[in-house]
Amino acid sequence: MLKQIKTLLKVSHSEEIMRRYYVVNGFDGALTVLGLIMGFYVSDRVDLAVVITTCLAAALALCMSGISSAYISEAAERRRTLARLEKAMAASLNDSHHARATTWVPWLVALVNGVAPLLIALVIIVPLWLARSGIELGLDPLPAAMAVALVIIFLLGVFLGRVGGTFWLWSGLQSLTVALVTVGLIYLIN
Numbered sequence: 000m001l002k003q004i005k006t007l008l009k010v011s012h013s014e015e016i017m018r019r020y021y022v023v024n025g026f027d028g029a030l031t032v033l034g035l036i037m038g039f040y041v042s043d044r045v046d047l048a049v050v051i052t053t054c055l056a057a058a059l060a061l062c063m064s065g066i067s068s069a070y071i072s073e074a075a076e077r078r079r080t081l082a083r084l085e086k087a088m089a090a091s092l093n094d095s096h097h098a099r100a101t102t103w104v105p106w107l108v109a110l111v112n113g114v115a116p117l118l119i120a121l122v123i124i125v126p127l128w129l130a131r132s133g134i135e136l137g138l139d140p141l142p143a144a145m146a147v148a149l150v151i152i153f154l155l156g157v158f159l160g161r162v163g164g165t166f167w168l169w170s171g172l173q174s175l176t177v178a179l180v181t182v183g184l185i186y187l188i189n
């Protein structure tokens, strides 16, 4: 099955799209959860259960939005590409890898797009869960979760730098700057 998936991704040239969707929606998820946690941090004390539930709700909404929007757009693009290829070849490609890619690749891309913010959000809120369970972290749980979010955002930038062939540290710092500006703006709202 894995070999079949690799073939479909290669035929459809979708590996880059999936990587891009993972990073873009992962960045959105990390920045959204960071923003929520920062909002709770600058507000009056809020119960950790409320923070966790709010972050999970936002992550689930981003997941569902990512799955549905990516599926709709990718399915349309794949159908269009298959129709153009069939027209150019003057033949039906119903039993080809291209036709199977038209069916399955939108689902794969959609899952990657939707799962990215959910997984990243789950990692970010681990300090909140640990604190809620009574495990001492050495830091308050909200700053600890914000630190995790900042590290993840930096690492996403590093990944993009490596993919794009630019200096990894510069790319990581660019992503981190966006996150820190966001945190600063939220702080100013208070």
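FYI, numbering that gives the first Met the number 0 numbers position 31 of the sequence shown as 30, with every residue one higher than the one before it.
We put the beta carbon where it would ideally sit given N, CA and C, even for glycine.
Where does Asn-93 sit, in a helix, a strand or coil, going by DSSP?
Asn-93: coil per DSSP, three-state reduction.
Given a threshold of 16 other Cβ atoms within 10 Å of its Cβ, counted over all protein chains shown, does Glu-135 qualify as buried or as exposed?
exposed
Just to confirm, are Val-32 and Ala-57 a CB contact at a threshold of 8 Å?
yes
Please check the pair Ile-152 and Leu-175, which I expect to be a contact at CB under 8 Å, by giving their CB distance rounded to whole angstroms.
6 Å
Thinking C-alpha only, which one of Ala-60, Asn-112 and Ile-185 is nearest Ile-16?
Asn-112
If you reduce the DSSP assignment to three classes, tell me which class Glu-15 lands in.
helix
For Val-114 versus Tyr-20, is the C-beta spacing smaller than 8 Å?
no
So Trp-128 and Ile-51 are supposed to be a Cβ contact under 8 Å. How far apart are they, rounded?
7 Å
Rounded to whole angstroms, what is the Cα-Cα separation between Phe-39 and Ser-68?
Going by the C-alpha atoms only, they are around 29 Å apart.
Phe-26 to Leu-149, Cα distance in whole Å?
Cα to Cα, the separation comes out at about 10 Å.
Looking at Leu-47 and Pro-140, is the spacing between their C-beta atoms short of 8 Å?
Cβ distance < 8 Å, so Pro-140 and Leu-47 count as in contact.
For Leu-172, collect the residues of the same chain with a Cβ closer than 8 Å to its Cβ; drop the 5 residues on either side in sequence, then sort them by chain order.
The answer, listed in chain order, is Phe-153 and Gly-156.
Between Ile-185 and Val-41, how many whole angstroms is the CB-CB distance? I'm expecting something under 8 Å.
7 Å
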